[in-house]
Every structure is written in C-alpha cells, then in structure tokens.
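Quick note, the sequence shown lines up with residues 358 to 751 if you use this note's numbering.
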Amino acid sequence: MAWTEHLGGNKYKLVARDPSKVNKPKRSVSVEVPKEIVKSERKTEQWLTLELAKWAKKVEAGKAKKPGKVRFMDFVPIWKKGYADKNMGEYTLKTNMWYIESFLMPEFGNVGIEKITTLQLVTFFADLKRKDGKEYATNTKLNIFKAAKSIFDAAFTWEVITKNPIDGVQRPRAGKKEKKAMRSVKKSYSTTEVGTLLAALYSLPDRWRLYFTGSMLGGFRRGELLAIEWPDVSYDNQAIWIDKQITFNEQGEKIEGEVKTEESEGWIAMPKWYMDQLKDFEKEWKKEEARCKEWKGEDKQYVFHGGQGIMYYPTTPTVTWRKFLKKHNLPHVKLHGLRHTAGMLLRETGADLKTIQERLRHTKIGTTADIYTHASDIISRAAADRLELFDPNK
C-alpha cells in the first residue's frame, strides 16, 4: 500500500509500507514536483503516480533507506576515495581539492549534504566574488562548479541524497565583456606566422626546436611530448605513439602518469621531414647517452630530457617557450596555443571537424566545434564567395 501527502506548494510526501517491518512499517520521502509540471493538475497527478510507484518498489525491495545526516565535509573524503582517486589524475585531483577546500567547504562544510538546495547553490555562484569585490574569471567559477557537480552527482548516484540540487544550477558562462576580452587574446598562429616561427626555432638547441615544432604539427599536450620514449617513435609508420604524460602528483612532484582521456591514447602521424629530423636527433641522442658517465634515466629513454636521461619538470617547456618568444620579439601565444595552432592549420586547409577531432584526440566533437567554429583568427570566405554571383558589375 502506498499513498501521497501534500505538504504545501509543490512539495509532497511519498509513503509506502515496508512488508518486512512489523514495527514502524511506513517509509516516506519528500519530493518536489518540477515547476514545468506543477502548473498542470493532470501532469502533476501522473508525475506523482510514477514517482510513488518507484518509491513503493524501492520499499518492497528493502532499498528505501533514509539518508543519514552526512555533512558535506564528511562526504567529500568518501567521494574522493570512491570516485576521484580512481577517475582523476593526481594533478587534476589536487586542483579539484584546492577548489573544494577554498570555496565549497567554507560555505557548505557543516551543512548536511541532503539539506543543500538548488537555490542555495544558485545563490552561492551568483555571490561568488574576490576579496576586492571583483568577479572571478569564468574559468575559476567553472572549475568550482565542476568540482561541486562531481560531488553531488556521486551523492545522488550512491543514494546519499534523493534529489541532485546541482541539476538546476546553470553552468557558469562568460559575459559579453569577458568574451570580448578573451577574443582579443591571441590563441594560435596563422599559416604565415608558422613559417616565421619555424625558422626562428632553429636558434634553439635541437631538442627544444623539435619539441616545439612537434607540438605545433602534432597538436600534442605539453606533458605528452615530454613523456615519449624512442620505442614510441615509428619511422616505418612516420608516427609517434602517445599513451602517457609527464605531470604532477598531489605533492606537486613531477611524475609519469596516464594521458588525459582514453581518446588521447594512440598513434599520431607526423610529416616525413619532421620524422627524418627526429631520426638524425636520435643518433646524436645515443652518442650523448654513450658519453654520459652517470646516466640517471635508468631504463627510461625520454626523447626530450633535461640531461642524464632525467625527465623534464612539466613547467620547463612553458618557461623556455616564453623566453624564446620574448627574445625573438614574436607574437605571444601560450604554449598550449601550439596545440590550437595544429587545429587551426587543419581548419585553414579545409579539414572537417571530424578530422580535427581525431587529430587532437578530443573526446567529444562538440569540444572541437566550440574551439574551431568560433575562432576569431580565421575569416572563412566560403559563404561570402558564394554571393559573388550577385555582383551588379558582372
């Protein structure tokens, strides 16, 4: 037997009897009818009937347990152990924990996780400001949102909460002013600039010239190219195998870790001329190894290393890149912008989004579309050229 009790407004209590219990057999849970449904009496009745049936089934199966009074701060370690440790890289987890401890804990730490509402979260993100009163960058808000969503999603999946409050919170988006400022920042190089850049790179030692050139041609992430070893280089296939990266652990120490996603793993075809240069570099690399009196790389054969076979610190390429651009007075683009440049070069030569997605190993084609269909550095002539036939002088 099951029934509903109206608690006022759009709130109802779903009640069902647990046949396995002699004492206190009633099991109940409070629900809120969605706003778009509550306007219609018929739809409200249908929605409640369906939810009541689900609840009664849970009660009969002995799965209807009242959520315990778990504080947000007590659930975070459970989330970390049960989800984050298994699904996040060490550096990503460290970053997420910083956002959680710096922003979410002060606000929600002592609150029971089942008592946190959508309205509280909406208000929290709306009021989120720096100490000087200025708005946080959208990317900061987005990182806080992602951390919170991961926690609440896990709590809902594990039935710690009966409703996920973050489902009704809008993902942080950049405003017009911020979007305009972002558009003014150069994110990649054009085809013409790439020619100048490649020539300037010859002023660097071969290892850095090949590292930066490879990043620009292959669209590699910073740590991926740092982690490749000579067995990962195939001259027969003219390609480089990617399945690991140099990154940070939770203590900020450099480590060899897994690549960002499953889609990131695979062979990346490279131009023949680049692979020929890499082959020449390997010969010199092996001579250097033979001359080294104390090889510290053990059994590792990192193509790009800081001497004696030791892996580079993940931020070393960033610092080297910045100094190189400044020395040669070249347009500033972040090191990650070389990855974007790889995509833009493909876009400029007419490659479709699927080709770019596969090259850059994006998990979702939507990510590729967001970056390379709104790129302000490219002026597409396709649509305008079709209108040339309306030239009144022709």
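Quick reminder that beta carbons are idealized off the backbone N, C-alpha and C, glycines included.
Predicted model only: the values in this text are computed from it and were never measured.
### Query
I think Leu695 touches Ser572, with their Cβ atoms under 8 Å apart; what is that distance to the nearest whole Å?
4 Å
### Task
Leaving aside the five residues before and after Tyr670 along the sequence, list all residues of the same chain whose C-beta is less than 6 Å from its C-beta, in chain order.
Lys611
#### Entry: Exposure of Ser621, with buried meaning 16 or more beta-carbon neighbours within 10 Å
buried
### Query
Alpha carbon to alpha carbon, what distance is there between Thr675 and Ile585?
17 Å
### Task
Just the C-alpha distance for Glu705 and Arg530, rounded to the nearest angstrom, thanks.
28 Å
### Task
Might you give, ordered along the chain, the residues of its own chain that have their beta carbon closer than 7 Å to the beta carbon of Leu635, omitting 5 neighbours on each side?
Closer than 7 Å at the Cβ level, and outside the excluded window around Leu635, lie Leu567, Val590.
### Task
Pull up the DSSP beta-bridge partners for Ala596, would you.
Ser591, Ala626
### Query
Using 8 Å as the threshold, is the stretch 506 to 514 in touch with the stretch 552 to 569, meaning 3 or more CB pairs across them?
no
### Message
Contact between the stretch 520 to 527 and the stretch 467 to 484 is defined here as three or more beta-carbon pairs at a separation below 8 Å; is this criterion met?
### Response
Yes, the stretch 520 to 527 touches the stretch 467 to 484.
### Query
What number of angstroms, rounded off, separates the C-alpha of Asn444 from the C-alpha of Asn380?
43 Å
### Task
Closer than 8 Å by C-beta to Asp375: which residues in its own chain qualify, once you throw out the five before and the five after it? Chain order, please.
Pro382, Lys383, Arg384, Val416, Glu417, Gly419, Ala421
### Query
For Ser387, does the three-state DSSP call read helix, strand or coil?
strand
### Query
Ser545: buried (16+ other C-beta within 10 angstroms of its C-beta) or exposed?
buried
### Query
Leaving out the 5 sequence neighbours to the left and right, which residues in its chain are closer than 6 Å to Trp678 when beta-carbon positions are compared?
Leu692
#### Entry: Span of the alpha helix (DSSP H) around Gln602
Gln602 -> not in any alpha helix (DSSP H); beta strand (DSSP E) instead, spanning 601 to 605.
### Message
Threshold first: 4 residues or longer. Then list the alpha helix (DSSP H) segments lying entirely within the stretch 452 to 537, N to C.
### Response
Fully enclosed alpha helix (DSSP H) runs of 4 or longer: 462 to 465, 475 to 484, 495 to 514.
### Task
Could you name the residues of the same chain whose beta carbon sits closer than 7 Å to that of Glu619, not counting the 5 residues immediately before and after it, in chain order?
none
### Message
Quick check on DSSP: helix, strand or coil for Val551?
### Response
helix
### Message
By DSSP's criteria, Ala556 is part of a beta bridge. Which residues make up the other side?
### Response
DSSP, once it has assigned bridges, lists no residue as partnering Ala556.
### Those residues which DSSP pairs with His693 across a bridge
For His693, which the question treats as bridged, DSSP gives no partner whatsoever.
### Task
Report the partner residues of Val372 according to the DSSP bridge assignment.
BP columns for Val372 point to Trp360, Ser385.
### Task
Sort out for me which residues DSSP pairs Lys414 with in a bridge.
DSSP lists no partner for Lys414.
### Query
What's the gap between the Cα of Asp442 and the Cα of Val616?
15 Å
### Query
What residues in its chain sit with their C-beta under 8 Å from that of Lys543, if we drop five residues either side in the sequence?
If we look at Lys543 and ignore the five residues flanking it on each side, its Cβ neighbours are Pro688, His689, Val690, Gly694, Asp734.
### Query
Which residues share a DSSP beta bridge with Glu615?
DSSP output for Glu615 lists Lys601 as bridge partner(s).
### Query
Which first and last residues belong to the alpha helix (DSSP H) in which Gly575 is found?
563 to 575
### Task
Could you say if the stretch 364 to 374 and the stretch 405 to 415 meet the contact criterion of at least three C-beta pairs nearer than 8 Å?
yes
### Task
Starting from the C-beta of Phe605, find all residues in its chain whose C-beta is less than 8 Å away, skip the five residues before and the five after it, and write them out in chain order.
Glu447, Tyr448, Lys451, Lys611, Ile612, Pro671
### Message
Checking 8 Å against the spacing of the C-beta atoms, do Ile625 and Ile597 come in under that value?
### Response
yes
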